[in-house]
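One structure is given below, encoded as structure tokens.
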Amino acid sequence: MKIDRRLFVNFDWVLPSLVLLICCAGLLNLYSIGYNLPDADDVPSYVRQGYWILIGLMMMIMVLAVDYHFIVRYAYVLYAVSVLLLFFVFLHGKAVQGSQRWLMLWGFSFQPSELIKLTIIIALARCFSDKGVEKELGLKNLIGPCFIVFVPCLLILKQPDLGTTLFLGILFFSMVILFKIRRRLIVFFAVSGIILIPMCWFFLKDYQRSRILTFLNPELDPLGSGYHIIQSIIAVGSGGILGKGYLKGTQTQLKFLPEQKTDFVFSVFAEEWGFGGVLILIILFLALILWGFQIARRSRDMYGMLIAYGVTMYIFWGVFINIGMVLGILPVVGIPLPFLSYGGSSMVVLMMGVGLLMNVSMRRFVLQP
Numbered sequence: 003m004k005i006d007r008r009l010f011v012n013f014d015w016v017l018p019s020l021v022l023l024i025c026c027a028g029l030l031n032l033y034s035i036g037y038n039l040p041d042a043d044d045v046p047s048y049v050r051q052g053y054w055i056l057i058g059l060m061m062m063i064m065v066l067a068v069d070y071h072f073i074v075r076y077a078y079v080l081y082a083v084s085v086l087l088l089f090f091v092f093l094h095g096k097a098v099q100g101s102q103r104w105l106m107l108w109g110f111s112f113q114p115s116e117l118i119k120l121t122i123i124i125a126l127a128r129c130f131s132d133k134g135v136e137k138e139l140g141l142k143n144l145i146g147p148c149f150i151v152f153v154p155c156l157l158i159l160k161q162p163d164l165g166t167t168l169f170l171g172i173l174f175f176s177m178v179i180l181f182k183i184r185r186r187l188i189v190f191f192a193v194s195g196i197i198l199i200p201m202c203w204f205f206l207k208d209y210q211r212s213r214i215l216t217f218l219n220p221e222l223d224p225l226g227s228g229y230h231i232i233q234s235i236i237a238v239g240s241g242g243i244l245g246k247g248y249l250k251g252t253q254t255q256l257k258f259l260p261e262q263k264t265d266f267v268f269s270v271f272a273e274e275w276g277f278g279g280v281l282i283l284i285i286l287f288l289a290l291i292l293w294g295f296q297i298a299r300r301s302r303d304m305y306g307m308l309i310a311y312g313v314t315m316y317i318f319w320g321v322f323i324n325i326g327m328v329l330g331i332l333p334v335v336g337i338p339l340p341f342l343s344y345g346g347s348s349m350v351v352l353m354m355g356v357g358l359l360m361n362v363s364m365r366r367f368v369l370q371p
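If you want this note's numbering, it's the position in the sequence shown, counting the first as 1, plus 2.
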């Protein structure tokens, strides 16, 4: 597909610059994590993450090159492929620590539940745009969007992955609130939530119940289920104003802090760089999120607005939930910190999301022939 050269006048340099700065912080963090503990593999984790960043950048360019209207046209096809991949996880998936969430593709493990986050945004953008923004949404209008979210949520919950299931639900409601919704429907969902949420307790697995109880009081099991969050809070608090120094975090280097590369990567950063470093990191994330909202506001049509808004909320909720987890404000649900947590699936899909944001930004004006 040939790209009109005039589009490059609108090329968004701010977005990739912010993303690369955050990625660099992530690479420094991963190097520190593996500093006194060489990887079991021949390739260190920070090098692997560097590879994923490069692959992600290539995917970002590919997504950027295709007009987002063309992508939206095939939104339901992309969504269906993502759902099929979730089905394949049960047939040919790779189980890790009791959860079957990964597929092996060409020697690499891939998590379809990460891809579905992006394809759901595109599918919902198509579905809501076709309904029109001026129209007040009733229960009948929400059947299609609810179905789009329900199917992958059910499959992901069976893996089991409660965190991603809740994440998709939050992402869905974040997009729904953009529309006018009948007051009776809001009351219906509120009452249903009040009734169903307590009932969900009886369907949770033992480890999921343990996480919730630990969140309420980590001291109940300080050497078991509460160990993660206690060590995380110690690491964050011990960083002080300026941090202990790069490669000098005791909780990190002495390996008291678990899951350093993934769920608790923010704790590592906070311990070594302190409040000052955390403030800079949060400012970078905030700038990225606000820029995403600006792209959504300036988009030329409803498709672009919903895609940009959805991707921005995808990043926002990832940051909010992960930092909330490591600070003990939210239960530990295994949501990675965007662009910092180790993981190829998350990194590549996030980069594709950034490519969609840039796509909408570049095509905010109608080019005259």
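Quick reminder that beta carbons are idealized off the backbone N, C-alpha and C, glycines included.
For L256, the three-state secondary structure derived from DSSP is coil.
Between P333 and R213, the beta carbon gap of about 5 Å places them in contact (Cβ cut-off 8 Å). DSSP places F318 inside the alpha helix (DSSP H), whose first and last residues are M304 to V328.
According to DSSP, residue pairing for F152 in a beta bridge does not occur.
For the 8 Å CB-CB criterion, M349 and W104 do not form a contact. For S176, the uninterrupted alpha helix (DSSP H) segment begins and ends at L164 to V178.
In this structure, A125 lies near Y78, with their beta-carbon atoms less than 8 Å apart. CA-to-CA, the gap between G140 and G357 works out to about 33 Å. In this model, H71 and F90 are separated by some 29 Å (Cα to Cα). Annotated as proximal: V328 and S269, with beta-carbon spacing under 8 Å. Between S194 and K119, the alpha-carbon positions lie close to 25 Å from each other. Collapsing the DSSP output to three states places S227 in coil. Within its own chain, the residues whose Cβ lies closer than 7 Å to the Cβ of G146, once the five positions on either side in sequence are excluded, are C129, listed in chain order. DSSP links M106 through a beta bridge to S111. Beta bridge pairing from DSSP links I243 with no other residue. With 16 or more other CB atoms across the displayed protein chains lying within 10 angstroms of its CB, M360 is buried. Following the DSSP letters along the chain, one finds W275 inside the alpha helix (DSSP H) bounded by residues V267 to R300.
Nearest in C-alpha terms to D132, of all of F110, F181, I172 and Q102, is F181. By the CB criterion at 8 Å, M62 and S176 fall outside the cutoff.
About 6 Å separates the beta carbons of E274 and G247, which is inside the 8 Å limit, making them a contact pair. Between A237 and A289 a beta carbon distance of about 26 Å is seen, past the 8 Å cut, so the two are scored as non-contacting.
Closest in alpha carbon position to E116, among N31, G320 and L59, is G320. Distances from the alpha-carbon of I323 to those of L286, F258 and I172 put I172 closest. In the three-state scheme derived from DSSP, where H, G and I count as helix and E and B as strand, K96 is classed as strand. Around the beta carbon of P154, a 10 Å sphere encloses 16 or more other beta carbons of the protein chains shown; the residue is thus reported as buried. With a threshold of 16 other beta carbon atoms within 10 Å, S19 falls short and is exposed. In this structure F287 is not in contact with I35, their Cβ atoms being roughly 20 Å apart against a cut-off of 8 Å. In this structure, G294 is the residue among L29, G294, L281 and R75 with its C-alpha nearest to the C-alpha of I317. Around the CB of V11, fewer than 16 other CB atoms lie within 10 Å, so the residue is classed as exposed.
Contact annotation: G279 and G251 have beta-carbon atoms that are not nearer than 8 Å. Positions of the alpha helix (DSSP H) runs, each at least 4 residues long and wholly inside the region 26-94, are given as 47-67, 70-75 and 77-94 in order along the chain. For L342, no alpha helix (DSSP H) segment is defined, and its DSSP state is neither H nor E.
Separation of the CB atoms of S234 and T216 is rounded to 12 Å, and the pair is thereby denied contact status at 8 Å.
For the set I297, L170 and L164, the Cα lying nearest the Cα of C202 is the one of L164. For the pair P224 and L292, the Cα-to-Cα distance works out to about 38 Å. Under DSSP, I183 shares a beta bridge with L139.
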